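Asker: If you're matching positions, the sequence shown starts at 288 in my numbering and goes up one per residue.
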Amino acid sequence: MKKQIEALTPEMLEKLARLVRYNSIKGEAKDDMPFGEETAKCLKEALQICEEMGFETKNVDNYCGYAQMGEGKDIIGIIAHLDIVPAGDDWSTDPFEMTIKGDTVYGRGVSDDKGAAIASLYAMKLIKDSGIKLNKRIRLLMGCNEETGSACMQYYNKHEEPITLGFTPDGEFPGIHGEKGGCSMLASSKNTRIIAMNGGFVSNAVCNRCTTVVPAKDVNIDKLKEALSKTALLEYSVNENNGEVTIDARGVAAHASTPLLGVNAAGCTMQALADCGFEDDFVKFYNSHIGTKCNGEGINLNISDDYGVLTFNNGIVKTENGKITCTIDIRVPVTFTEKDVRERTAGHLEDENGKIEILHVGNPLFYPVDSPLVSKLYNAYVQVTGDTVNKPSVIGGGTYAKYIPNSIAFGCEFPGNESHIHDADERLKITDLQKQVEIYVQAIRNLLAD
Ligand SMILES: [Zn+2]
Numbered sequence: 288m289k290k291q292i293e294a295l296t297p298e299m300l301e302k303l304a305r306l307v308r309y310n311s312i313k314g315e316a317k318d319d320m321p322f323g324e325e326t327a328k329c330l331k332e333a334l335q336i337c338e339e340m341g342f343e344t345k346n347v348d349n350y351c352g353y354a355q356m357g358e359g360k361d362i363i364g365i366i367a368h369l370d371i372v373p374a375g376d377d378w379s380t381d382p383f384e385m386t387i388k389g390d391t392v393y394g395r396g397v398s399d400d401k402g403a404a405i406a407s408l409y410a411m412k413l414i415k416d417s418g419i420k421l422n423k424r425i426r427l428l429m430g431c432n433e434e435t436g437s438a439c440m441q442y443y444n445k446h447e448e449p450i451t452l453g454f455t456p457d458g459e460f461p462g463i464h465g466e467k468g469g470c471s472m473l474a475s476s477k478n479t480r481i482i483a484m485n486g487g488f489v490s491n492a493v494c495n496r497c498t499t500v501v502p503a504k505d506v507n508i509d510k511l512k513e514a515l516s517k518t519a520l521l522e523y524s525v526n527e528n529n530g531e532v533t534i535d536a537r538g539v540a541a542h543a544s545t546p547l548l549g550v551n552a553a554g555c556t557m558q559a560l561a562d563c564g565f566e567d568d569f570v571k572f573y574n575s576h577i578g579t580k581c582n583g584e585g586i587n588l589n590i591s592d593d594y595g596v597l598t599f600n601n602g603i604v605k606t607e608n609g610k611i612t613c614t615i616d617i618r619v620p621v622t623f624t625e626k627d628v629r630e631r632t633a634g635h636l637e638d639e640n641g642k643i644e645i646l647h648v649g650n651p652l653f654y655p656v657d658s659p660l661v662s663k664l665y666n667a668y669v670q671v672t673g674d675t676v677n678k679p680s681v682i683g684g685g686t687y688a689k690y691i692p693n694s695i696a697f698g699c700e701f702p703g704n705e706s707h708i709h710d711a712d713e714r715l716k717i718t719d720l721q722k723q724v725e726i727y728v729q730a731i732r733n734l735l736a737d
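1. By the three-class DSSP mapping on this structure, what secondary structure does Asp-712 have?
2. Quick check on DSSP: helix, strand or coil for Leu-735?
3. How about Val-506 and Cys-555: do their beta carbons lie closer than 8 angstroms?
4. Could you check what DSSP says for Lys-360 in three-state terms: helix, strand or coil?
5. Identify which residue in Gly-583, Gln-670, Glu-625, Lys-610 has its Cα closest to the Cα of Phe-599.
6. Counting pairs of beta carbons, one from the segment 466-478 and one from the segment 681-695, are three or more of them closer than 8 angstroms?
7. Counting pairs of beta carbons, one from the segment 563-575 and one from the segment 637-655, are three or more of them closer than 8 angstroms?
8. Taking Asn-768 as the reference, give the member of Leu-521, Gly-394, Ala-552 with the closest Cα.
9. Kindly provide the chain-ordered list of residues whose Cβ lies closer than 5 angstroms to any non-hydrogen atom of ligand 1.
10. Name the residue from Lys-610, Ile-414, Lys-504 whose alpha carbon lies nearest to the alpha carbon of Gly-341.
11. Within 10 angstroms of its Cβ, does Pro-321 collect 16 or more other Cβ (buried), or is it exposed?
12. Is it right to say Asn-529 is buried, meaning 16 or more other beta carbons lie within 10 angstroms of its own, or is it exposed?
13. How do the segment 533-548 and the segment 509-523 stand: do at least 3 beta-carbon pairs fall below 8 angstroms, yes or no?
14. Quick one: residues in its chain with C-beta nearer than 8 angstroms to the C-beta of Thr-344, no 5 flanking neighbours on either side, listed in chain order?
15. Can you tell me where the beta strand (DSSP E) holding Arg-618 begins and where it ends?
16. Terminal residues of the continuous alpha helix (DSSP H) containing Val-307?
17. Pick from Lys-331, Tyr-573, Ser-417: whose alpha carbon is nearest that of Leu-636?
18. For Tyr-309, which residues in the same chain have their Cβ closer than 6 angstroms to its Cβ, ignoring the five residues on either side in sequence?
19. Suppose only complete runs of 3+ residues qualify. What are the beta strand (DSSP E) ranges in the segment 516-555, listed by chain order?
20. At which residues does the beta strand (DSSP E) containing Phe-342 begin and terminate?
21. Quick check on DSSP: helix, strand or coil for His-464?
22. Residue range of the alpha helix (DSSP H) that Phe-572 falls in?
23. Express the C-alpha separation of Lys-504 and Gly-595 in angstroms, rounding to a whole number.
24. Using C-beta distances below 7 angstroms, list every residue in its chain close to Gly-357, excluding the 5 sequence neighbours before and after it, in chain order.
25. Using C-beta distances below 7 angstroms, list every residue in its chain close to Pro-679, excluding the 5 sequence neighbours before and after it, in chain order.
26. Classify Ala-374 as helix, strand or coil using the three-state DSSP reduction.
27. Measuring CB atoms only, is the segment 539-548 touching the segment 506-518, in the sense that at least three cross pairs come out at less than 8 angstroms?
28. What residues in its chain sit with their C-beta under 7 angstroms from that of Val-307, if we drop five residues either side in the sequence?
29. Mind checking if Asn-528 is an interface residue toward chain C, Cβ cutoff 8 angstroms exclusive?
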């Protein structure tokens, strides 16, 4: 098997380069292209590659598409995505011209998730070439909207035959058996003397910068500076002008599922305002209900289970017509439900100083480690790598697995690897690509066996 995969490596890389060429970020919907032209072109190219390799394909209205082989009622699904996040700056290579340096390839999507799609496709090819009789269908499903809402999978579920079981190669080895439930809330002020407070860039990241304006007469600048110096802020400045004091605060961005890795610029500013004696209703409300601990204790949601703790993140702060709003992104431990969240927070979301509205509570995904699905996939990983130290884990983020029945995220990132996903210089080691193919071949075999 290893020899075969080695021999196929040049063509795998060549096909991966064909997909990397498309800047398949979400674009404006146009005609029959719900996520824009580039994602549709990338899907067309991917399906073309699948056809060249002898698979039957279907384009599901440019939401997603699939390549399939085998026969039978059941469908083993491998669900990858072709859309990417914007490349951004600071690349040392052209992000859309895949570059090979030594044993590593660079380019946007080489790991997340175009490389995974190619690895899965070649695993299917090896199964096909081995000539084993397939009593189930194997379907590589490629979505075009994973990074911005997974509308592609919702569309698939509405219009196509359901996947029976499978995996999404868009996480980590040796498998992710649980994904916390996502929950979003919105806090708003009732009364405040803050003239304006604006910061953050997306709701699912820690608010990294925040600018706050307060009346000069209500604040002691020396005390404010002293209070700011005691926070975790990386940088701050305080300027007085025309009777107003402006605070510019810089913290550290981090993903909302790991807010303690960041420093919340809004949270630190609120803390400093209270510490310097700035008396204000919404400052009080923020510090008691949101705060900087990121654990939900302010709304009675300080919960955890064997698989992790709840995380709580304020991403964006905005002022409109004198009212301040703060987005809140919560990741709920996998064994708690929507009902738990609503019951525990009831009576803790509002007082005379402000209120928090629940916008959405999503259910978590959880399969016990010893469930057939998780153990079949985990065993495939162990059979190929021999690694029994790393175990299936639980994450705070969400993958396609939440949309596809009986599926979990499985690979393609190896433990301890740094692929710079969503970052500049995204990369993939060629030996890892080869190992992914080998593991996915074994995974398909294990899922085929009843
Ligand atoms: Zn991904």
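All C-beta atoms, glycine included, are put in the ideal place defined by N, C-alpha and C.
Predicted model only: the values in this text are computed from it and were never measured.
Answerer: The relevant details are as follows:
1. Residue state for Asp-712 is assigned as coil, using DSSP reduced to three classes.
2. In this structure, Leu-735 counts as helix in the three-state DSSP scheme.
3. Cβ atoms of Val-506 and Cys-555: not closer than 8 angstroms.
4. Taken through DSSP and simplified to helix, strand or coil, Lys-360 comes out as coil.
5. The shortest C-alpha separation from Phe-599 is found at Gly-583.
6. These segments touch.
7. Three or more beta-carbon pairs drawn from the segment 563-575 and the segment 637-655 are found closer than 8 angstroms, and the two stretches are therefore classed as touching.
8. Given a span of 288 to 737 for the chain in the structure shown, any question on residue 768 remains unanswerable.
9. Those residues whose C-beta sits under 5 angstroms from the nearest heavy atom of ligand 1 are, from N- to C-terminal order along the chain, Asp-399, Asp-400, Asp-457.
10. Among Lys-610, Ile-414, Lys-504, the Cα nearest to that of Gly-341 belongs to Ile-414.
11. Per the 10 Å Cβ criterion, buried.
12. With fewer than 16 other Cβ atoms from the protein chains shown falling within 10 Å of its own Cβ, Asn-529 counts as exposed.
13. With a cut-off of 8 angstroms on Cβ pairs, the segment 533-548 is in contact with the segment 509-523, counting three or more such pairs.
14. When the five nearest sequence neighbours on each side are left out, the beta carbons in the same chain lying within less than 8 angstroms of the beta carbon of Thr-344 are those of Leu-334, Cys-337, Glu-338, Gly-352, Tyr-353, Ala-354, Gln-355, in order along the chain.
15. Where Arg-618 is concerned, the enclosing beta strand (DSSP E) stretches over 610-619.
16. Secondary structure note for Val-307: its alpha helix (DSSP H) is the uninterrupted segment 289-307.
17. For the set Lys-331, Tyr-573, Ser-417, the Cα lying nearest the Cα of Leu-636 is the one of Tyr-573.
18. The residues Glu-325, Lys-328, Cys-329, in chain order, have a CB closer than 6 angstroms to that of Tyr-309 in the same chain once the five nearest residues on each side in sequence are set aside.
19. Runs of the beta strand (DSSP E) inside the segment 516-555: 522-528, 531-537.
20. Where Phe-342 is concerned, there is no enclosing beta strand (DSSP E), because DSSP gives it neither an H nor an E.
21. Here His-464 sits in strand by DSSP.
22. Counting along the chain, the alpha helix (DSSP H) containing Phe-572 begins and ends at 568-576.
23. Straight-line Cα distance between these residues: approximately 45 angstroms.
24. The residues Leu-421, Lys-423, Arg-424, Ile-425, in chain order, have a CB closer than 7 angstroms to that of Gly-357 in the same chain once the five nearest residues on each side in sequence are set aside.
25. Within the same chain, Pro-679 has close Cβ partners Pro-461, Gly-462, Ile-463, His-464, Val-656, Val-661, Tyr-665.
26. Of the three classes helix, strand and coil, the one that applies to Ala-374 here is coil, per DSSP.
27. Because the criterion of three Cβ pairs below 8 angstroms is not met, the segment 539-548 and the segment 506-518 do not touch.
28. Within the same chain, Cβ atoms closer than 7 angstroms to the Cβ of Val-307 are found at Phe-383, Met-385, Gly-394, Arg-395, Gly-396, Val-397, Lys-401, the five residues on either side in sequence being excluded.
29. Chain labels in this structure do not include chain C; a single protein chain is all it has.
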